[in-house]
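Undergrad: Count along the sequence shown from 1, then add 58; that gives the number in this note's numbering. Virtual Cβ for every residue (Gly too), placed ideally from N, Cα, C.
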Amino acid sequence: MAVIPASLSCLWALASSCWNNITPLLISLILLALLLDYVMFRKRSSRFPPGPTPLPFLGNLLQFDIRNPHIAAQHLAKKYGTVVSFQAGWHSVIILNGFKAVKEALIEKKDEFADRPCVPLLSLIGCTKYSEGILMARWSGGWKEQRRFCVSILKDTGTRKKTLEKRISEEARYLCSEFKSQEGAPFNPETLLYNAIGNIICTLIFGDYFDHNDATFLKLLHVTKDVMNTVSRNLPQIVAVGSWLSYIPGPHQKIKKLYNDVNEIISEIVKEHKETRDPAFARDLIDAFLEEMEKAKGDPKSSFNENNLVKIILEIFAAGTETTSSTILWGLLKMVLHPEVQKQVHEEIEEVLGRDKPPMMEDQPNLPYTNAVIHEIQRCGDIVPLAFPYKAQQDVQIDKFVIPKETTVFSHLSSVLKDEAMWEKPYQFYPEHFLDANGRFVKREAFLPFSAGRHACLGESLAKKEIFIFFTSLLQHFTFCIPENHPRPKEDKLFALTVTPAPFQICAIPR
Numbered sequence: 059m060a061v062i063p064a065s066l067s068c069l070w071a072l073a074s075s076c077w078n079n080i081t082p083l084l085i086s087l088i089l090l091a092l093l094l095d096y097v098m099f100r101k102r103s104s105r106f107p108p109g110p111t112p113l114p115f116l117g118n119l120l121q122f123d124i125r126n127p128h129i130a131a132q133h134l135a136k137k138y139g140t141v142v143s144f145q146a147g148w149h150s151v152i153i154l155n156g157f158k159a160v161k162e163a164l165i166e167k168k169d170e171f172a173d174r175p176c177v178p179l180l181s182l183i184g185c186t187k188y189s190e191g192i193l194m195a196r197w198s199g200g201w202k203e204q205r206r207f208c209v210s211i212l213k214d215t216g217t218r219k220k221t222l223e224k225r226i227s228e229e230a231r232y233l234c235s236e237f238k239s240q241e242g243a244p245f246n247p248e249t250l251l252y253n254a255i256g257n258i259i260c261t262l263i264f265g266d267y268f269d270h271n272d273a274t275f276l277k278l279l280h281v282t283k284d285v286m287n288t289v290s291r292n293l294p295q296i297v298a299v300g301s302w303l304s305y306i307p308g309p310h311q312k313i314k315k316l317y318n319d320v321n322e323i324i325s326e327i328v329k330e331h332k333e334t335r336d337p338a339f340a341r342d343l344i345d346a347f348l349e350e351m352e353k354a355k356g357d358p359k360s361s362f363n364e365n366n367l368v369k370i371i372l373e374i375f376a377a378g379t380e381t382t383s384s385t386i387l388w389g390l391l392k393m394v395l396h397p398e399v400q401k402q403v404h405e406e407i408e409e410v411l412g413r414d415k416p417p418m419m420e421d422q423p424n425l426p427y428t429n430a431v432i433h434e435i436q437r438c439g440d441i442v443p444l445a446f447p448y449k450a451q452q453d454v455q456i457d458k459f460v461i462p463k464e465t466t467v468f469s470h471l472s473s474v475l476k477d478e479a480m481w482e483k484p485y486q487f488y489p490e491h492f493l494d495a496n497g498r499f500v501k502r503e504a505f506l507p508f509s510a511g512r513h514a515c516l517g518e519s520l521a522k523k524e525i526f527i528f529f530t531s532l533l534q535h536f537t538f539c540i541p542e543n544h545p546r547p548k549e550d551k552l553f554a555l556t557v558t559p560a561p562f563q564i565c566a567i568p569r
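#1: With burial defined as no fewer than 16 other Cβ atoms inside 10 Å of the residue's Cβ, what is the status of phenylalanine 339: buried or exposed?
#2: Which one of Ser198, Gly389, Thr558 has the shortest CA to CA distance from alanine 430?
#3: Since serine 531 and proline 416 should fall inside the 8 Å C-beta cutoff, what is the C-beta to C-beta distance between them, to a whole number of angstroms?
#4: In this structure, what does DSSP give as the bridge partners for asparagine 155?
#5: By DSSP, does alanine 130 sit in helix, in strand, or in coil?
#6: Tell me whether alanine 146, by its Cβ, gets closer than 7 Å to a heavy atom of the ligand MN.
#7: May I have the straight-line CA-CA distance separating asparagine 246 from leucine 387, to the nearest angstrom?
#8: How is histidine 280 classed by DSSP in three states: helix, strand or coil?
#9: To test your reading of the DSSP string, which unbroken beta strand (DSSP E) runs of 3 or more residues are found completely within the stretch 363 to 421?
#10: Report back the beta-carbon spacing between arginine 196 and aspartate 173 to the nearest angstrom; my notes put them in contact at under 8 Å.
#11: In the stretch 314 to 372, which residue ranges form an unbroken alpha helix (DSSP H) of at least 4 residues, counting only runs that do not cross its ends?
#12: By a C-beta neighbour count over all protein chains shown, 10 Å radius and 16 as the cutoff for buried, is threonine 111 buried or exposed?
#13: Between Leu533, His128, Val141, which lies nearest to glycine 412 when the distance is taken from Cα to Cα?
#14: Quick check on the burial criterion: 16 or more other C-beta atoms within 10 angstroms. Buried or exposed for aspartate 336?
#15: Threshold first: 4 residues or longer. Then list the alpha helix (DSSP H) segments lying entirely within the stretch 510 to 549, N to C.
#16: What is the DSSP secondary structure of valine 285, counted as helix, strand or coil?
#17: Buried or exposed: asparagine 321, going by 16 or more other Cβ atoms within 10 Å of its Cβ?
#18: As an exercise, report each continuous beta strand (DSSP E) stretch of at least 3 residues that is fully enclosed by the stretch 422 to 476, in chain order.
#19: Along the chain, where does the beta strand (DSSP E) that runs through valine 142 open and close?
#20: Give me the Cα-Cα distance between histidine 149 and threonine 465, rounded to the nearest whole angstrom.
#21: Helix, strand or coil for proline 568 per DSSP?
#22: Run through the DSSP bridge pairs and tell me what phenylalanine 245 is partnered with.
#23: Roughly how far, in whole angstroms, is the beta-carbon of lysine 369 from the beta-carbon of glycine 191, given that I think they are within contact range, below 8 Å?
#24: Count the other CB atoms within 10 Å of the CB of tyrosine 317; is the residue buried (16 or more) or exposed (fewer)?
#25: Just reading off the alpha helix (DSSP H) that alanine 230 is part of, what are its end residues?
#26: Could you spell out where the alpha helix (DSSP H) holding leucine 212 opens and where it closes?
#27: According to DSSP, is phenylalanine 505 part of a helix, a strand, or is it coil?
#28: Would you call the stretch 448 to 460 and the stretch 553 to 569 in contact, with 3 or more CB pairs under 8 Å?
#29: So who's on the other strand from proline 559, going by DSSP bridges?
#30: With DSSP as the reference, please indicate the residues paired to histidine 581 in a beta bridge.
#31: When the Cβ atoms of the stretch 253 to 273 are set against those of the stretch 549 to 556, are three or more pairs found closer than 8 Å?
#32: Looking only at its own chain, which residues have a Cβ that is under 8 Å from the Cβ of glutamate 373, when we skip the five neighbours before and after it?
#33: Restricting to Cα atoms, I'd like to know which of Glu333, Met286, Leu425 is closest to phenylalanine 375.
#34: Determine contact between the stretch 142 to 156 and the stretch 484 to 499, defined as no fewer than three beta-carbon pairs at a distance below 8 Å.
#35: For aspartate 169, which of helix, strand or coil comes out of DSSP?
#36: Mind reading off the beta-carbon distance from glutamate 434 to phenylalanine 492? Whole number of angstroms is fine, and I expect it under 8 Å.
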């Protein structure tokens, strides 16, 4: 029999003693945590929205498909109704489903849902109370003044020599030339669309556009897209606002590195603006922001600071580029899958514009069918299935349920755009949703792709211009079809904060 050395025997005895002392403490802590978990779950009122039973500590995160949150939300709505609760760690989250519930919250009671929740994960990228950007900025921080500032910039569509609308038209013509260069061969249009829309945002933010092969431009596009993909892969940490889950080391730490990369690019551009700007004339958003920074010097509560400028530029660039390019991408996919609709669009454009007149917003009322098709593309494409979260400012009743103060609330926009009570054919591509019996375009109350209320998309006006001019220009010059011997493209949806179609190839035949 082997003899254990005395020194090892002592170590073993010491380890056993420590373990015997620690074990009761661990068991006590676990029991205490379970008790707290039970108490927090039990203290809900009888009018708290229904939802799946949460697991201790984790809540419902393991039961929620984070890779496809819009699909998970659909399943919850089918089982529990229009106002659904689930637990992210120890934090309660509410999802509003269907037009009636979303309208009641975001339109009729918009002031009760004007604030954003605190997201500890944002501290990873240096967010403070007055430098939270704009998308997730809180009411008590810089949200109001930044919202006001960005809306004023977006309304001022003038550039030094051309209006922004004409700039969109120019970029649309360049995109058409890129499509034409494919010479009718199969190609994936995603990158070309993404670059074109990205350049429009560059005009707004940076005062000029980039060559599509410019290294800085391509790096900005790449890093921005990478940020969105990384955030979507780590939604548990973001959804679990206020939870200990936000602080666990893991893959979400990559967000910090990516932000530092994009911060370096944007900071260099801001530095150049500081050196070349004319205080008497604001060329773009950066110049206008720098002017506001000058006015706010010495005010510690001002959100006009350079850290916030970088965050706002990133948010506008990411949101403005991704959503619009994805919408037009869905549009091209719908056209090859519905050639009869494409034919009617061609005929209307031919009759109203011909082959040579570039489409502008003034032409939209004269193209009711094309306008209806664009709206139906947005409804079916459903680019932003879940709006960024809100926070209940007080106890508020939605439907027959009471949402407690401080609760995080998501509006499920997919459920609004597919609400069976509001749409004749919610799961089909049906442009007639937006046409009356005489073929005139009609607005629909449940058409909320840009959300609603205090946090409705501030770039809605710009996005509408881009989508109409780009889509109409492309259909004016090309017939789109499925490449010969290629399978019919699927309409699979890929989620990365926004929803894009799975990669596909088309042929663009000049008309």
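TA: On the basis of the coordinates in this document:
#1: Taking the first residue of the sequence shown as position 1, residue 339 is located at position 281. Label assigned to phenylalanine 339: exposed.
#2: Here residue 430 refers to the residue found at position 372 when the sequence shown is read from its first residue. When only C-alpha atoms are compared, the closest one is Gly389.
#3: Translated into positions along the sequence shown, residue 531 becomes position 473. Translated into positions along the sequence shown, residue 416 becomes position 358. Yes, they are in contact, since the Cβ atoms of serine 531 and proline 416 sit about 7 Å apart, within 8 Å.
#4: Start at 1 with the first residue of the sequence shown, and residue 155 comes out as number 97. Bridge partners of asparagine 155: His470.
#5: Position 72 of the sequence shown, counting from 1, holds the residue named residue 130. Residue state, collapsed to three classes: helix.
#6: Within the structure as shown, the ligand MN is missing, as the structure has no ligands at all.
#7: Here residue 246 is taken as the residue at index 188 of the sequence shown, counted from 1. Here residue 387 is taken as the residue at index 329 of the sequence shown, counted from 1. Their backbone Cα atoms lie some 10 Å apart in a straight line.
#8: For the purposes of this step, residue 280 is taken as residue 222 along the sequence shown, with counting starting at 1. It is helical.
#9: none
#10: Your numbering for residue 196 matches position 138 in the sequence shown. Your numbering for residue 173 matches position 115 in the sequence shown. The Cβ separation is near 6 Å, so the contact holds.
#11: 343 to 353
#12: Taking the sequence shown and counting its residues from 1, one reaches residue 111 at position 53. So threonine 111 ends up on the exposed side.
#13: Counting from one through the sequence shown, the residue named residue 412 turns up at place 354. Taking only the C-alpha atoms, the option nearest glycine 412 is Leu533.
#14: Counting from 1 along the sequence shown, the entry for residue 336 is found at position 278. Exposed: under 16 other Cβ atoms inside 10 Å.
#15: 518 to 535
#16: Here residue 285 is taken as the residue at index 227 of the sequence shown, counted from 1. Valine 285 falls in the helix class under three-state DSSP.
#17: On the sequence shown, residue 321 is found 263 positions in, with the first residue counted as 1. Buried is the call here.
#18: 454 to 456, 459 to 461, 466 to 470
#19: As a working mapping, residue 142 is identified with position 84 in the sequence shown. Looking at the DSSP string, the run of the beta strand (DSSP E) that includes valine 142 is 141 to 146.
#20: Here residue 149 is taken as the residue at index 91 of the sequence shown, counted from 1. Here residue 465 is taken as the residue at index 407 of the sequence shown, counted from 1. Those two C-alpha atoms are separated by around 8 Å.
#21: Here residue 568 is taken as the residue at index 510 of the sequence shown, counted from 1. Proline 568: strand per DSSP, three-state reduction.
#22: On the sequence shown, residue 245 is found 187 positions in, with the first residue counted as 1. Phenylalanine 245 is bridged to Ile564.
#23: Residue numbering aside, residue 369 sits at position 311 when the sequence shown is read from its first letter. Residue numbering aside, residue 191 sits at position 133 when the sequence shown is read from its first letter. 4 Å between Cβ atoms; contact.
#24: Taking the sequence shown and counting its residues from 1, one reaches residue 317 at position 259. Counting Cβ neighbours within 10 Å, tyrosine 317 comes out buried, since at least 16 surround it.
#25: Translated into positions along the sequence shown, residue 230 becomes position 172. First-last of the alpha helix (DSSP H) with alanine 230: 222 to 238.
#26: Start at 1 with the first residue of the sequence shown, and residue 212 comes out as number 154. That run of the alpha helix (DSSP H) goes 201 to 213.
#27: Sequence index remark: in the sequence shown, residue 505 carries index 447 (1-based). Three-state result, phenylalanine 505: coil.
#28: no
#29: As a first step, residue 559 is located in the sequence shown; it is residue number 501 there, counting from the start. Note: proline 559 sits in a beta bridge opposite Lys551.
#30: With the chain running from 59 to 569 in the structure shown, residue 581 is simply not present.
#31: no
#32: For this step, residue 373 is matched to residue 315 along the sequence shown. So the qualifying residues of the chain are Gly191, Ile192, Leu193.
#33: In the sequence shown, counting from the first residue as 1, residue 375 sits at position 317. The option with the nearest alpha carbon to phenylalanine 375 is Met286.
#34: no
#35: As a first step, residue 169 must be located in the sequence shown, where it is residue number 111. Helix.
#36: Residue numbering aside, residue 434 sits at position 376 when the sequence shown is read from its first letter. Residue numbering aside, residue 492 sits at position 434 when the sequence shown is read from its first letter. Confirmed, about 6 Å.
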